[in-house]
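Presented below is the structure to which this report refers.
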Amino acid sequence: MLARVWSASLVGIDAVKVGVEVDVSGGLPGIVVVGLPDAAVQESKERVKAALKNAGYAFPMRRIVINLTPADLRKEGPIFDLPISVGILAASEQVNAELLGDYLFLGEVSLDGSLRPVAGVLPIAAAAQRLGITGLVVPAANAQEAAVVQGISVYGCKHLAEVADLLNNPERYVPVKLDGLKELATAQFAGHDLKDVKGQAHARRALEIAAAGGHNLIFVGPPGSGKTMLARRLPGILPPLSFQEALEVTQIHSVAGLLKNRGSLVSDRPFRSPHHSASGPSLVGGGSFPRPGEISLAHRGILFLDELTEFKRDVLEFLRQPLEDGYVTISRTRQSVSFPAQFTLVASTNPCPCGYFGDSIQACTCSPRHREQYWAKLSGPLMDRIDLQVAVNRLKPEEITRQPTGEESGPVRDRVKAARERTRDRFKEDPTVGCNAEMQSQHLRRWCQLEDASRNLLEGAIRKLGLSARATDRILKVARTIADLAGDENLQTHHVAEAIQYRTIDRMQ
Ligand SMILES: Nc1ncnc2c1ncn2[C@@H]1O[C@H](COP(=O)(O)OP(=O)(O)OP(=O)(O)O)[C@@H](O)[C@H]1O
Ligand SMILES: [Mg+2]
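Here's what the structure looks like:
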């Protein structure tokens, strides 16, 4: 007998429908899987066989052929355990197959028949809803994640026997309910607070501007001045994710398998801090079935590269294109997929190998040549893309010994939120711009018009610092954010002046 069960396969952060056809017929007992399965799908045969037996079902001692369609798409992972099991049960008439076509199944099956969570359930649920499938059967641990998608009934099952019962007695089961928006609204940020930071008013201001406009930022300063400490406080002043943004972030984290056994929507903006030994593929994504890398996991949030000069230069070069485009494309012989990578880059570094160049107390022991080599690691094109280059100097003795007096994160976050709302109002018609850093040239022409005094100032800076056209555009975007923080519709000369003075490294060189 023949049964057909629906399942799905991931392609990047999207999914396509996969048909699992199971034929049980006479012949020598055995089981074959065809249709470009990978090793994990091949192993599924053994798992399913044991699971069916241990769950109390008969495993047909006949010839079983399993065909995964479309045949030209590579199928990956243990996601097909459940649809294959259901297919065998239906083809051997152990469950009611009448409603089989209404559901899409996915999940890994343990040897005892219990269902284990799999990666990528949210994008699959979204694709299933688009394709007009009415029901989705997933492992219970994935149910909340899938239920984020409205307009499709999600059933979370703990065991194979529960899935069989759902097919036999559908009236006994109610779909999982979840209100994703409510989840987001109740999410509370629990992290480090700016009130712990002593002094460093200049760096705190830069942090606020970076949060308000999504601008890339680097802290340069001697050891122990608070660079890492400051950067780790950025998530606490970022505006909350919108529902659409949370959906995007959750899809990426779902595909990367980072949501297992957890709730539904990712509610905090991501903060990723890969170690400096990170490889290119772990940073930008890769693998034979492409998986998102750190830059995509940081989508709509922060990618923090601490000790930037310790990263391998060729690894940093990979960042150039995504920083410009907001996405990364990974090409493989069989498929090419794009992952979103709209992130804010935050980095920290010492100013030289010994760490004390420009320090007020300790003398730098590096030769000029050494310093040059050190900076050469950070290519010009990368630094060109960092809008806020901020010197973080050592604290004064009286700052160190006293209690911190700076503002808490709460009011800073409120100002950031207000500035972003101003930006959003301005780009109501153009939802591609979520923050000022995402403005394109046509937006700059319209919203960053300069008075004569500002223009003269900027031209002087271009001449003196040797700024590129890109660096100049980036200065205008920062100036726009500074004006938004001040609630000013027009760009004033002092906004532009403040934006220019954040090109510290350009000045140093
Ligand atoms: N501005 C500051 N306010 C309060 N504490 C500080 C400050 N700067 C440094 N500290 C203290 O020193 C510790 C080390 O600071 P941090 O790691 O941020 O330094 P860093 O600038 O990143 O140094 P390195 O260049 O060695 O990485 C902090 O955890 C904190 O306890
Ligand atoms: Mg540090």
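First residue of the sequence shown: 105, per our numbering; consecutive thereafter.
Even for Gly, the Cβ is constructed at its ideal location relative to N, Cα and C.
The model shown is predicted, which means the values in this text are computed figures rather than measured ones.
Taken through DSSP and simplified to helix, strand or coil, Y460 comes out as coil.
With contacts defined as CB atoms closer than 9 Å, P339 and G295 qualify as a contacting pair. Among the bridge pairs identified by DSSP, V359 is matched with none. Taking C-beta separations shorter than 6 Å and ignoring five residues to either side along the sequence, the partners of E411 in its chain run H380, following chain order. Within the segment 363-429, the complete beta strand (DSSP E) runs of at least 3 residues fall at 406-409. Here the C-alpha atom of I237 lies approximately 18 Å from the C-alpha atom of A107. The closest heavy atom of ligand 1 lies 8 Å or more from the beta carbon of K481.
Around the beta carbon of P174, fewer than 16 other beta carbons sit within 10 angstroms, so the residue counts as exposed.
Three or more beta-carbon pairs separated by less than 8 Å link the segment 164-182 to the segment 132-148, which places the two stretches in contact. Listed in chain order, the non-local C-beta contacts of G181 below 6 Å within the same chain comprise A144, local neighbours out to five positions each way being set aside. If you check the CB distance, L362 and L226 do not come in under 9 Å. Taking the Cβ of V301 as the reference point, at least one heavy atom of ligand 1 falls within a distance shorter than 8 Å.
The shortest C-alpha to C-alpha distance from E512 to any of V537, F323, L334, A587 is the one to L334. Per DSSP, Q507 lies in no beta strand (DSSP E) segment and is marked neither H nor E.
Per DSSP, the continuous alpha helix (DSSP H) segment holding E147 begins and ends at 143-158.
Contact residues of ligand 2 (beta-carbon closer than 6 Å to any heavy atom; chain order) are K331, T332, D410, S452. In chain order, P221, V225 place their CB closer than 6 Å to the CB of N246, counting only its own chain and leaving out the 5 sequence neighbours on each side. The closest heavy atom of ligand 1 lies 8 Å or more from the beta carbon of G295. 9 Å or more divides the Cβ of V450 from the Cβ of F443. Between ligand 1 and the CB of S381, the shortest heavy atom gap is not smaller than 8 Å. In the DSSP assignment, L321 falls within the unbroken beta strand (DSSP E) covering 321-324. When DSSP states are grouped into helix, strand and coil, K299 belongs to the helix group. Note: C261 is bridge-paired with P243 in the DSSP secondary-structure output. When only Cα atoms are considered, G459 and C468 end up about 7 Å apart. Spatial neighbours of G318 in its own chain (CB-CB distance under 6 Å, excluding positions within 5 residues in sequence) are listed in chain order as T448, C539, A541.
Note that the C-beta distance between L204 and L240 is not below 9 Å. Closest in C-alpha terms to I609, from the list A307, I579, L492, comes L492. Rounded to the nearest whole angstrom, the C-alpha separation of I170 and V242 is 20 Å. Counting only the Cα atoms, F393 lies some 17 Å from E147. Straight across, the Cα-Cα distance linking V199 with S368 is about 31 Å. Taking every protein chain shown into account, the CB of N594 has fewer than 16 other CB atoms within 10 angstroms, so this residue is exposed. The DSSP-derived three-state label of Y606 is coil.
Listed as beta-bridge partners of K481 by DSSP are no residues whatsoever. For P457, the Cβ stays outside the 8 Å cut-off from all heavy atoms of ligand 1. Taking non-hydrogen atoms of ligand 1 into account, the C-beta of L298 is found less than 8 Å away from none of them. In this model, I604 and G384 are separated by some 32 Å (Cα to Cα).
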